[in-house]
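Under the numbering used here, the first residue of the sequence shown carries the number 9, and numbering increases by one thereafter.
Data block below; observations after.
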Amino acid sequence: MIPFGLNSPETGNALKSDTPHSLRDAETGARWPVIDGIPYLRTNRRDLVVRTLAHLDAGEAEVALIGLLADQDDWWNGPPANPDDLRQIVRERDTATLRDAVRLLGWGRVGDYFLNRWTDPTFLAGLALLEAHWNDPSCVFEFACGIGHYLREFQSRGAKVAGADVVFAKLWVARHWVVPGKAQLVCFDAGSLQWPVSGAPVDLVVCNDAFYFLDDKATLLESLRQNAGDDGWLALSHIHNSDRPGFSAGRAVSAEEIEELFPDALVYDDAELTTALVEVRAPAPRKPSDLKSCEAFSVVAGPGMRPAPRSVIDGLTLPREGTQLTLNPLYAQDAPGSYVIRWPSERYEAEYAGRVTYPLQSSGPEILDWVGKATSPDADRVRRREFVDLPERW
């Protein structure tokens, strides 16, 4: 595991193991719950923290878990999860699919994005950004990691990984369906009084498709830079441009703000990164002032980043050699040996259809044994995500 220590998000004091299901502030004695190895450190959920600890102390672990799985971020405007559905996914977590989990947790359209993120153009832009500046980091921390799409990629390349998110249920799904092994996961608010993750700096700090949501971006960025230390680097992708209204909620930023926040960064048009992946070339950074009309920005910053991007050929953007790939699950069979894209929702189609990398029709097959070479006859189809490496229980 990454040698991260945890501090109280209220006082900054070190947190120490108190029981198998809790951490205690070393000075004040305040306690925080831990379920499935995931500490819950949200500062504006004091009543939920107290109830969860009471259930855990009473041996009611399932009740405690269901309470945390129902918790959402403050941007959520969907209906609350059905308690019976939550009880079902808790009982069936060892056999249910990721699709079952997303449905029973009541994530709606957000679930559509999570289930298909491995093939969406913004995810591929993030992979291209990372590959263009990759320096084989041994430890990676991802802030706002969701259900662990990127953590899975890092871990499969041998890196030790840690992830944080404000929604406990996303981390719980990452633990059981997406990121096997010893990933360190922690639930906390970006706006905590004290940054709860400390300890030895990591080689790479990542934040994808989330930075624009946050209020005090300068303070958050300073915390992330501290996690990267003097030698690490930061990669933040798909930061929405406030001059180009889009589909997502949040607090987008302007090109001027990007320049102010990241004076040491290389800045990219998110769409340029996806194009570079498909065209198998190095992405071209631009001055923020030249990107005022782009939909979203991506940046790399810090002393540990590559001074110039390399070609996106055969690193993170291609699966590992020997991986069994699945036909992109957005394809539905319309005739023997013929498949067409079926969008999960009108919103998903409106947001992505014009920018996806895969063709709208495919001849299959449904399973492809990937030999793992950039020169393979199937390399272009794999790079475009006509075929994809999905979790075992997708």
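All C-beta atoms in this analysis are idealised placements derived from N, C-alpha and C, irrespective of residue type, glycine included.
Bear in mind the structure is a predicted one, so any value in this text is a computation, not a measurement.
Check: C-alpha gap between residue 181 and residue 269, whole angstroms; Outcome: 32 Å
Check: Stretch-stretch touch, CB-based, cutoff 8 Å, three pairs: the segment 277-290 with the segment 299-311; Outcome: yes
Check: Whole-angstrom C-beta distance between residue 290 and residue 318, which should lie under 8 Å; Outcome: 6 Å
Check: Cα-Cα separation between residue 105 and residue 186, rounded to whole angstroms; Outcome: 11 Å
Check: Buried/exposed call for residue 238, threshold 16 Cβ in 10 Å; Outcome: exposed
Check: Nearest to residue 116 (by Cα), restricted to the options 89, 101, 135 and 38; Outcome: 89
Check: As assigned by DSSP and simplified to three states, the class of residue 41; Outcome: strand
Check: Segment contact flag, the segment 308-327 with the segment 126-138, C-beta cutoff 8 Å, min 3 pairs; Outcome: yes
Check: Start-to-end residues for the beta strand (DSSP E) that takes in residue 82; Outcome: Taken as a continuous stretch (DSSP letters only), residue 82 belongs to no beta strand (DSSP E), as it is neither H nor E.
Check: Local conformation of residue 269 per DSSP, three classes; Outcome: helix
Check: Nearest candidate by alpha-carbon position, reference residue 35, set 173, 23 and 28; Outcome: 23
Check: Limits of the alpha helix (DSSP H) - the one that residue 279 falls within; Outcome: 278-287
Check: Straight-line Cα distance separating residue 343 from residue 12; Outcome: 52 Å
Check: contact_flag[the segment 371-384, the segment 139-147] where n(CB pairs < 8 Å) is 3 or more; Outcome: no
Check: Assigned exposure category for residue 201 - 16 Cβ within 10 Å defines buried; Outcome: exposed
Check: DSSP three-state assignment for residue 400, whether helix, strand or coil; Outcome: coil
Check: Which of helix, strand or coil DSSP assigns to residue 27; Outcome: strand
Check: Cut-off 6 Å between Cβ atoms - residues of its own chain near residue 96, not counting five sequence neighbours on either side; Outcome: 112
Check: Backbone CA spacing between residue 251 and residue 267 [nearest angstrom]; Outcome: 15 Å
Check: Candidates 121, 341, 38 and 396: closest to residue 155 by CA position; Outcome: 121
Check: Segment contact flag, the segment 25-41 with the segment 167-176, C-beta cutoff 8 Å, min 3 pairs; Outcome: no
Check: Same chain, Cβ closer than 7 Å to residue 53, neighbours up to 5 away in sequence not counted; Outcome: 79
Check: Backbone CA spacing between residue 420 and residue 98 [nearest angstrom]; Outcome: Outside the displayed range of the chain (9 to 402) lies residue 420, so it cannot be described from this structure.
Check: Exposed unless 16 or more other CB atoms sit within 10 angstroms - verdict on residue 175; Outcome: buried
Check: N-terminal and C-terminal residue of the alpha helix (DSSP H) that residue 227 is part of; Outcome: 225-236
Check: Residue 366 in three-state terms, based on DSSP; Outcome: coil
Check: Among 259, 64 and 75, the one whose alpha carbon lies nearest that of residue 56; Outcome: 75
Check: As assigned by DSSP and simplified to three states, the class of residue 178; Outcome: helix
Check: Selection from 313, 285 and 347 that minimises the alpha carbon distance to residue 365; Outcome: 285
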